[in-house]
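Novice: I have a structure I would like to understand better, so I am pasting it below and will then ask my questions one at a time.
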Amino acid sequence: MTITRCAWVNEDPVYIAYHDEEWGKPLYDDLKLFELLMLEGMQAGLSWYTVLKKRENFREAFDGFDPQKIVLYGEDKIAELMQNEGIIRNWLKVNAVIRNAEAYLQIGREEGSFKEYLWSFIGGTPVVNQWKSRAEVPATTPQSDSMSKALKRKGMKFVGSTICYAFMQSSGMVDDHVLDCFCRTRVTD
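Encoded structure:
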């Protein structure tokens, strides 16, 4: 029996598992949402596959993406990160994670929770699209535009609309599994 998946999935078991078990499933944990948004930012200009293969290295290097720890990073920690061959060593992206940790904590204080804040951009309920092919899936939407602008106003970096839409897809805020993908029924049932 042939299993049909979204066309962006390659043959790597890690990528297949990510598609089948994570992508498009609603995520409601503040810290996991923060991690995912930071990883999506690291992906800018690269492929998600590149980031996914390094995800465990990122988790180790950034203290499990704990914002309370990240906001304390100083020059020595940044230098250490810039020498870490297991992650993407882009100075702007590394510093963005630190700045974004500060913004994450601010959002929690002002909005109650990061989760509630992010999910508010789609009204709290996943958007279920009806795409027949990958070609129909947009790179941005009005909701990702709004999320991007709001996060930038809060001081976040590497949160453009395209990154925000990819984040919305991966966190299950948006179901963009194409109609013939075997995950489609599982996600929308």
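In the working numbering, the protein residues as written are 283 to 471.
For glycine and all other residues, C-beta sits at the position ideal for the given N, C-alpha and C.
(1) In whole angstroms, what is the alpha-carbon distance linking GLU418 and GLY390?
(2) Excluding the five sequence neighbours on either side, which residues of its own chain have a C-beta within less than 6 Å of the C-beta of LYS314, listed in chain order?
(3) Should ALA378 be labelled buried (16 or more other beta-carbon atoms within 10 Å of its own) or exposed?
(4) Between the beta-carbon of LEU321 and the beta-carbon of LEU309, is there less than 8 Å?
(5) Express the C-alpha separation of PHE347 and GLU393 in angstroms, rounding to a whole number.
(6) Which residues does DSSP list as the beta-bridge partners of ASP457?
(7) Just to confirm before moving on: does the CB-CB distance between ASP311 and SER395 stay below 8 Å?
(8) May I ask you to report which of helix, strand or coil DSSP gives LEU354?
(9) Looking at the structure shown, is ILE285 part of a helix, part of a strand, or coil, going by DSSP?
(10) So, for VAL469: in the same chain, excluding its five sequence neighbours on each side, which residues have a beta-carbon less than 7 Å away from its beta-carbon?
(11) Using only the alpha-carbon positions, how far apart do GLN412 and ARG466 sit?
(12) Can you list, in chain order, the residues of its chain whose CB lies under 6 Å from that of LEU433, leaving out five sequence neighbours each side?
Specialist: To lay it out plainly:
(1) 35 Å
(2) none
(3) buried
(4) no
(5) 20 Å
(6) VAL410
(7) no
(8) coil
(9) coil
(10) Because VAL469 carries a pLDDT of 45, less than 50, the predicted location of this residue cannot be relied on, and the following value inherits that uncertainty. Only GLY306, LYS307, ASP457, HIS459 meet the Cβ criterion.
(11) 10 Å
(12) VAL441
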